[in-house]
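Encoded as structure tokens, the structure appears first; notes follow it.
Below you can see the structure in the form of structure tokens.
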């Protein structure tokens, strides 16, 4: 049976620890293994840092709302903000083969988010603002 929890905090770096704890509890409730818990925490931390820095242009300029829903096969997290919309299609794809000094700035956080979760979907301009939906699948048990 799916369960859903919600957390709303001011968009500030000091609240990242509270967000991480919230995500950890939900991930454990969803039965994610330790590695998957860490991965979803890192993805959410990166997304929330980007909201604070880019969507809001600094700390204390808006709120971040998270919902964590335990699904049959994993954990879905929705992150909402009212900041400047972000279109991931406008960010050039990160060339991981190029030397670090030759890479275009930007895109590293988006690259990591997509690598850390099984699905990342961006929705903008909704009544609720911007929404990032992340999904991390529960690994099959090998008993």
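Residue numbers (the numbering used here): 195 to 337. By construction, the Cβ of each residue, glycine as well, lies at the ideal position given by its N, Cα and C atoms.
- Query: Less than 8 angstroms separating the beta-carbons of residue 327 and residue 235?
  - Reply: With contacts defined by Cβ atoms closer than 8 angstroms, residue 327 and residue 235 do not form a contacting pair.
- Query: To the nearest angstrom, how far is it from the Cα of residue 309 to the Cα of residue 318?
  - Reply: Residue 309 and residue 318: Cα-Cα distance of roughly 22 angstroms.
- Since I believe residue 241 is in contact with residue 231 (beta carbons under 8 angstroms), could you give me their beta-carbon distance rounded to a whole number of angstroms? Actually they do not touch by this definition, with Cβ atoms about 16 angstroms apart.
- Task: Drop a sphere of 10 angstroms on the beta-carbon of residue 207, count the other beta-carbons inside from all chains shown, and report buried for 16 or more, exposed for fewer.
- Result: With fewer than 16 other Cβ atoms within 10 Å, it is exposed.
- Task: To the nearest angstrom, report how far apart residue 201 and residue 261 are at their CA atoms.
- Result: If you take the alpha carbons of residue 201 and residue 261, they lie about 7 angstroms apart.
- Within this structure, are the beta carbons of residue 275 and residue 323 separated by less than 8 angstroms? In contact: residue 275 and residue 323 (Cβ atoms closer than 8 angstroms).
- residue 266: which of 321, 205, 223, 307 sits nearest, CA to CA? Taking the Cα of residue 266 as reference, the smallest distance to any Cα among 321, 205, 223, 307 is reached at 223.
- Closer than 6 angstroms by C-beta to residue 278: which residues in its own chain qualify, once you throw out the five before and the five after it? Chain order, please. 249, listed in sequence order.
- Count the other CB atoms within 10 Å of the CB of residue 251; is the residue buried (16 or more) or exposed (fewer)? The residue is exposed, with fewer than 16 neighbouring Cβ atoms inside 10 Å.
- Message: Let's test the definition: count the other Cβ atoms within 10 Å of the Cβ of residue 281 and tell me whether it reaches 16, buried, or not, exposed.
- Response: Residue 281 is exposed by the Cβ-count criterion.
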